[in-house]
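Residue 5 in numbering that gives the first Met the number 0 sits at position 6 of the sequence shown, and the numbers go up by one each step.
For glycine and all other residues, C-beta sits at the position ideal for the given N, C-alpha and C.
Keep in mind that this is a model prediction, so the values were computed, not measured.
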Amino acid sequence: MEFVQIEKISDIIILKINRPEVLNALNYELVAEFLDIFDKISVDNSCRAVILTGEGEKAFCSGGDLKYVIKLNPIQAERYATKVHQLLNKIENLEKPVIAAINGFALGGGCQLALACDIRIASENARIGQTEVKVGIPPGWGGTQRLSRIVGIGFAKEMIFTGKIISAEEAKKIKLVNMIVYEDKISRNNYNGKSNEISLNKKLINESIRFAKSVSKNRDLAIKISKDLINHARDVNIDGGLFMERYGCAVCFTDLEIDNKKKYH
Numbered sequence: 000m001e002f003v004q005i006e007k008i009s010d011i012i013i014l015k016i017n018r019p020e021v022l023n024a025l026n027y028e029l030v031a032e033f034l035d036i037f038d039k040i041s042v043d044n045s046c047r048a049v050i051l052t053g054e055g056e057k058a059f060c061s062g063g064d065l066k067y068v069i070k071l072n073p074i075q076a077e078r079y080a081t082k083v084h085q086l087l088n089k090i091e092n093l094e095k096p097v098i099a100a101i102n103g104f105a106l107g108g109g110c111q112l113a114l115a116c117d118i119r120i121a122s123e124n125a126r127i128g129q130t131e132v133k134v135g136i137p138p139g140w141g142g143t144q145r146l147s148r149i150v151g152i153g154f155a156k157e158m159i160f161t162g163k164i165i166s167a168e169e170a171k172k173i174k175l176v177n178m179i180v181y182e183d184k185i186s187r188n189n190y191n192g193k194s195n196e197i198s199l200n201k202k203l204i205n206e207s208i209r210f211a212k213s214v215s216k217n218r219d220l221a222i223k224i225s226k227d228l229i230n231h232a233r234d235v236n237i238d239g240g241l242f243m244e245r246y247g248c249a250v251c252f253t254d255l256e257i258d259n260k261k262k263y264h
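In structure tokens form, the structure reads like this:
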């Protein structure tokens, strides 16, 4: 793959945006590559969880590639946004948990990419913002929709209206990220006097893998249905949501019954 590095550790797939020279910005080709990868992951039964991160220490994803975006006419811009929406919807609806490991900047479209993931784990140096208003446009990749559903309307309006960039600590306070990974403060030296301390990025990936393993040890169907129920909870009233929940539980009990019959017959 040209723009995305793929690594598989046991049943966990790690996807790394590999454009550090432009702070891992997204162009049309990268988005198309991601769509192809997620199509394959969606039918890969050996994959139980996905971790999404960026190459280098500076950025998870800085959003749309401005050198590419600035050349677009309105029709091309709409086509580009549609492609990105397809990608983010695919991530959000993937039948496997997707974890954003946010290293460094996640700005504009980069923030919106993280919002489409199920869990967001940030390094302490992460900086997150919906900065589009500073260039005269609103968030166009789901930011006005997903951000408000995650942090609430008040915080979403504050972030979008001001275009401010917030720290990992601030993001944790408003529930934008689930956890923060900190750099070791005490260096551990080997006999040569060199530090054995692992990099913050490596710690971030290790923590993301640890979390992914804590999820992947559970039954696939239970995770899939739980994700689907939570994602659609906002679309129905409480009665409709409870009906879907009962149905989802019944489906899982059927799966357990079949599994038990295989064990004891």
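Quiz item: To which residues of the same chain is E206 closer than 7 Å at the C-beta, ignoring the five residues directly before and after it?
Solution: If we look at E206 and ignore the five residues flanking it on each side, its Cβ neighbours are I120, V180.
Practice problem: Use the C-beta contact count for T130: other C-beta atoms within 10 angstroms, 16 or more gives buried, fewer gives exposed. | Solution: Answer is buried; the Cβ neighbour count reaches 16.
Practice problem: Could you pull out every unbroken alpha helix (DSSP H) segment of at least 4 residues lying fully inside the segment 137-214, listed in chain order? | Solution: If only complete runs of 4 or more residues are kept, the segment 137-214 shows the alpha helix (DSSP H) at 142-150, 152-161, 167-172, in order along the chain.
Quiz prompt | Beta-carbon spacing of V30, L86 below 8 Å | solution = Yes, they are a contact pair.
Quiz item: Quick one: is F210 buried, meaning 16 or more other Cβ sit within 10 Å of its Cβ, or exposed?
Solution: Buried, since its Cβ has 16 or more Cβ neighbours within 10 Å.
Quiz item: Does the separation of the CB atoms of K89 and G53 fall below 8 Å?
Solution: Against a cut-off of 8 Å, the Cβ pair of G53 and K89 comes out as no contact.
Self-check item: Close beta carbons around N23, own chain, < 8 Å, minus the five adjacent residues each side
Solution: Around N23: I16, N17, G53, E54, G55, A58, F59, C60, S61, G109.
Quiz item: In whole angstroms, what separates the C-alpha of N217 from that of I98?
Solution: Just so you know, the alpha carbons of N217 and I98 end up roughly 16 Å apart.
Quiz item: What residues match up with G128 in a beta bridge as DSSP calls it?
Solution: L106, I164.
Practice problem: Would you identify the three-state DSSP class for A115, choosing helix, strand or coil? | Solution: Coil, per DSSP.
Quiz item: Got a sec? Which residues, its chain only, sit under 6 Å from I127 by beta carbon, not counting five neighbours each side?
Solution: Exclusion of the five residues before and after I127 leaves A105, C110, I165, A170 as the residues of its chain whose Cβ lies within less than 6 Å of its Cβ.
Practice problem: My understanding is that G247 touches I229, with C-beta atoms under 8 Å, so please give their C-beta distance in whole angstroms. | Solution: About 11 Å separates the CB atoms of G247 and I229; that is not less than 8 Å, and the two are not in contact.
Quiz item: Contact check, G47 vs S215 under 8 Å by CB: the rounded distance?
Solution: With the sequence shown as reference, residue 47 is identified as Arg, and Gly is not the correct amino acid for it. So it is a contact: roughly 4 Å between Cβ atoms.
Quiz prompt | V3 vs E32 beta-carbon contact at 8 Å | solution = For V3 and E32, yes; Cβs fall inside 8 Å.
Quiz item: Buried or exposed: K265, going by 16 or more other Cβ atoms within 10 Å of its Cβ?
Solution: Coverage of the chain is limited to positions 0 through 264, which leaves residue 265 absent and any answer about it impossible.
Quiz item: Out of curiosity, what's the CA-to-CA distance linking T253 and A221?
Solution: T253 and A221: Cα-Cα distance of roughly 11 Å.
Self-check item: Alpha carbon of P19 to alpha carbon of G239, nearest angstrom
Solution: Near 45 Å, if we compare the C-alpha coordinates of G239 and P19.
Quiz prompt | Residue range of the unbroken alpha helix (DSSP H) whose run includes V68 | solution = Residues 65-68.
Quiz item: Would you call R245 buried or exposed, if buried means 16 or more other Cβ atoms sit within 10 Å of its Cβ?
Solution: Exposed: under 16 other Cβ atoms inside 10 Å.
Quiz item: Going straight from the alpha carbon of I136 to that of A249, what length do you get?
Solution: Roughly 46 Å between the two C-alpha positions.
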